[in-house]
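For the sequence shown, this note's numbering begins at 17 and goes up steadily by one.
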Amino acid sequence: MKAPAFWNDPKPGILARLLKPAGLVYSLIAEMRIKAVTPARPLIPVICVGNPTLGGAGKTPVAIAIGKRLRERGLRPGFLSRGYGANITTPVIVERKGSAELYGDEPLLLARAGTTVCSPNRPWGAERLEKEGVGIIVMDDGFQNPSLSKDLSLLVVDAGSGLGNGLVFPAGPLRMRLAPQLMRADAIVIAGAGKAGAGISRMAERRGIPVLHAVLLPDPARTEKLRGRKLVAYAGIGRPEKFFATLRDEKLDIAETVSFADHHPYTPEDAARLLDLAKSHGATLVTTQKDAVRLAGQSDETLVLLARKSRVLPVEAVFDRVSTHKLNLLLDTLPNTVRKKVPGKRPGKAPAAKPAAKPKKS
Numbered sequence: 017m018k019a020p021a022f023w024n025d026p027k028p029g030i031l032a033r034l035l036k037p038a039g040l041v042y043s044l045i046a047e048m049r050i051k052a053v054t055p056a057r058p059l060i061p062v063i064c065v066g067n068p069t070l071g072g073a074g075k076t077p078v079a080i081a082i083g084k085r086l087r088e089r090g091l092r093p094g095f096l097s098r099g100y101g102a103n104i105t106t107p108v109i110v111e112r113k114g115s116a117e118l119y120g121d122e123p124l125l126l127a128r129a130g131t132t133v134c135s136p137n138r139p140w141g142a143e144r145l146e147k148e149g150v151g152i153i154v155m156d157d158g159f160q161n162p163s164l165s166k167d168l169s170l171l172v173v174d175a176g177s178g179l180g181n182g183l184v185f186p187a188g189p190l191r192m193r194l195a196p197q198l199m200r201a202d203a204i205v206i207a208g209a210g211k212a213g214a215g216i217s218r219m220a221e222r223r224g225i226p227v228l229h230a231v232l233l234p235d236p237a238r239t240e241k242l243r244g245r246k247l248v249a250y251a252g253i254g255r256p257e258k259f260f261a262t263l264r265d266e267k268l269d270i271a272e273t274v275s276f277a278d279h280h281p282y283t284p285e286d287a288a289r290l291l292d293l294a295k296s297h298g299a300t301l302v303t304t305q306k307d308a309v310r311l312a313g314q315s316d317e318t319l320v321l322l323a324r325k326s327r328v329l330p331v332e333a334v335f336d337r338v339s340t341h342k343l344n345l346l347l348d349t350l351p352n353t354v355r356k357k358v359p360g361k362r363p364g365k366a367p368a369a370k371p372a373a374k375p376k377k378s
């Protein structure tokens, strides 16, 4: 889904105001659902990395960075993801070189950082991670989902877009009203560069909620290999312009940029267009790691050629010194052993695994 332009207007326009009542109803339904559900409580701690808005905010890089910090503390984290567009019905361990058509793109990125389970049902997925012997779960997304109890909940906000017009879907990008979200958040993470996150930072600080800051840094070695080349950059992520801004911040030579919707499934026609653009500019193609995993394993020869011709520039979420200290204090609050007695319900038994449907061939 591509976010409507009016979602990012600082002041809500006519269309946003007309849709505002629908947004309030949407939020109330979500809030009632949270109150009505008794969450399952795993035997191991759960850290949720979510965001208050629809679209990309940098959740996955932040989740990976937290997993790295947990390993530095001697723990064995495992990642849990529903997998946007995943073609699965039971919890599965994500293979690092698997197909995005099977798992979705974000689980493949997480799998490169540690044991990852993709599951349509989060409590089932948590139970599968317990069986894999992980010591702590890092859940990518799911903040507004009440099915699984969380020990620590972080809300990631994009520093460049913030909360958009501040209204609830469909009038704006918020998943529900901000106040009930802040009540359930243990910390706010402002990710990337920009000043749009200042408003929520002030609101969080007034409520005594810690605010952390993380920058998204491109891989330095791969960045150097792109210097001196003319580039055609393309991205199908939550905010493609954020990727393009990263390239420009590195003073790279961008001939043209092409944006696609988040999780966009590339077609042979897309590939032909991008290859032609690169040829016409005498340029090298460059894209995100998230786009690259969606291109991997394709059978269509044009898509295979696009994957082979594209350079990939991964980014890493890096916390500043003060934020690292705050993160450590938050992690110190987590139980560091398996719970012996578990209050609340346990995850229900997942159905027996069925052979996964074969991914569609392009």
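Just so you know, even glycine gets a beta-carbon here, dropped at the ideal spot from N, CA and C.
Quick caveat, the model's predicted, so the values are computed rather than measured.
Exercise. Taking Cβ positions, are S169 and R138 nearer each other than 8 Å?
Worked result: Contact flag unset, no.
For this session: May I have the straight-line CA-CA distance separating P136 from L301, to the nearest angstrom?
Result: Distance between the alpha carbons of P136 and L301 is about 34 Å.
Exercise. Do you know offhand how far F185's Cα is from K147's?
Worked result: If you take the alpha carbons of F185 and K147, they lie about 37 Å apart.
Problem set entry | Nearest candidate by alpha-carbon position, reference P26, set T318, P189 and D156 | Cα-wise, what sits closest to P26 is P189.
For this session: Identify, in the order they occur along the chain, each residue of the same chain with its Cβ nearer than 6 Å to the Cβ of G141, setting aside the five sequence neighbours on each side.
Result: For G141, where only same-chain residues beyond five positions count, the Cβ hits under 6 Å are L96, P107, V133 and S135.
Exercise. What's the call for D336, buried or exposed, on a 16-neighbour Cβ count within 10 Å?
Worked result: D336 comes out exposed.
Exercise. With a CB to CB cut of under 8 Å and the five nearest residues on each side skipped, what residues in its chain are close to A380?
Worked result: Since the displayed the chain opens at 17 and closes at 378, residue 380 lies outside it and no answer follows.
Problem set entry | Cα-Cα separation, L350 to V274 | Each residue's CA atom was taken as its position, placing L350 and V274 some 43 Å apart.
Problem set entry | Alpha-carbon spacing of T105 relative to E117, whole angstroms | Between T105 and E117, the alpha-carbon positions lie close to 14 Å from each other.
For this session: Let me know the secondary structure DSSP gives K27 once reduced to three states.
Result: DSSP places K27 in the coil class of the three-state scheme, outside both helix and strand.
Problem set entry | Residue ranges of each alpha helix (DSSP H) within the segment 228–288, 4 or longer | List check, alpha helix (DSSP H) in window: 236–242 and 256–265.
Exercise. Among the residues of its own chain, which have a CB less than 6 Å from the CB of R144, if the five just before and after it don't count?
Worked result: So the list reads P107 and V133, once near-sequence residues are dropped.
For this session: Look at the alpha carbon of Y42 and the alpha carbon of V53, and state the distance between them as a whole number of angstroms.
Result: Taken atom to atom, the span from the alpha-carbon of Y42 to that of V53 is near 17 Å.
For this session: Write down the C-beta distance between S339 and A230 rounded to the nearest angstrom, noting that I regard them as a contact closer than 8 Å.
Result: Between A230 and S339 the Cβ distance is about 7 Å, and since that is below 8 Å, they are a contact.
For this session: Starting from the Cα of L346, find the closest Cα among I225, Q160, I45 and L164 and give me that residue.
Result: That would be I225, whose Cα lies nearest to the Cα of L346.
Problem set entry | Span separating the alpha-carbon of P150 from that of A79 | A quick correction: the sequence has Val, not Pro, at residue 150. Distance between the alpha carbons of V150 and A79 is about 16 Å.
Exercise. For the 8 Å Cβ check, are there 3 or more pairs between the segment 238–249 and the segment 286–303?
Worked result: With a cut-off of 8 Å, the segment 286–303 and the segment 238–249 count as touching, because enough Cβ pairs lie within range.
Exercise. Taking the continuous beta strand (DSSP E) assigned at E332, which residues delimit it?
Worked result: In the DSSP annotation of this structure, the continuous segment of the beta strand (DSSP E) that includes E332 starts and ends at V331 to F335.
For this session: Could you tell me whether the Cβ atoms of N386 and V172 are closer together than 8 Å?
Result: The chain is shown only over 17 to 378; residue 386 falls outside these bounds and no answer can be derived.
Problem set entry | Three or more C-beta pairs below 8 Å linking the segment 277–284 and the segment 305–324 | Touching, per the Cβ criterion.
Problem set entry | alpha helix (DSSP H) segment containing D121, residue limits | D121 -> alpha helix (DSSP H) spans D121 to A127.
For this session: Answer with buried or exposed for D174, where buried requires no fewer than 16 other C-beta atoms within 10 angstroms of its C-beta.
Result: When all chains shown are included, D174 counts as buried.
For this session: Output the distance between the C-alpha atoms of P37 and A127, rounded to the nearest integer angstrom.
Result: So the two alpha carbons sit approximately 40 Å from each other.
For this session: Ignore the nearest five residues each way along the sequence and tell me which others in A288's own chain have a CB closer than 6 Å to its CB.
Result: Closer than 6 Å at the Cβ level, and outside the excluded window around A288, lie T318.
Exercise. For D386 versus G120, is the C-beta spacing smaller than 8 Å?
Worked result: Absent from the model: residue 386. The displayed extent of the chain is 17 to 378, so no value can be given.
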